[in-house]
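A short worksheet on the structure shown next.
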């Protein structure tokens with residue numbers, strides 16, 4: 001039986017791929033993480049998932065990698081950035 005249309009769309013395919021490639025390797029029950037994104041990955045993620053989806057993956061804080069931010073020492077960080085030659089961090 002085919003999955004519902006909402007589970008077959010491009011957005012859900014992209015979200016499942018991100019979950020498999022990014023989150024599955026670092027999932028640990030009860031461990032919350034900070035996620036750092038660049039402009040491209042922010043747009044990508046916001047087009048295919050909601051904050052509740054990220055919460056289910058253990059992500060509680062999302063930050064732009066290029067902005068100044070306060071350290072969150074009690075949480076591990078997950079970097080989801082696109083490859084670039086930009087070195088202005």
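Numbering (the UniProt record's numbering), first residue to last: 1 to 89. We treat Cβ as the ideally placed atom computed from N, Cα and C, and that holds for glycine.
Taking 6 Å as the limit between beta carbons, can you name the residues of its chain near residue i, skipping five residues before and five after?
i: residue 15; result: 48 and 49
i: residue 72; result: 34
i: residue 62; result: 35
Which one of the options has the shortest CA to CA distance from residue i?
i: residue 67; options: 24, 28, 39 and 30; result: 39
Once you ignore the five residues that flank residue i on each side, which residues in its own chain have a CB closer than 8 Å to its CB?
i: residue 65; result: 36, 37, 38, 79, 81 and 89
Can you list, in chain order, the residues of its chain whose CB lies under 7 Å from that of residue i, leaving out five sequence neighbours each side?
i: residue 58; result: 27, 31, 32 and 33
i: residue 23; result: 57
Just reading off the beta strand (DSSP E) that residue i is part of, what are its end residues?
i: residue 67; result: Per DSSP, residue 67 belongs to no beta strand (DSSP E) and is neither H nor E.
Mind checking who residue i pairs with in its DSSP beta bridge?
i: residue 78; result: 35
Quick one: which unbroken alpha helix (DSSP H) runs of 4-plus residues sit fully inside the segment 18–56? Chain order, please.
For the segment 18–56, whole alpha helix (DSSP H) runs of length 4 or above, ordered along the chain, are 39–48 and 51–56.
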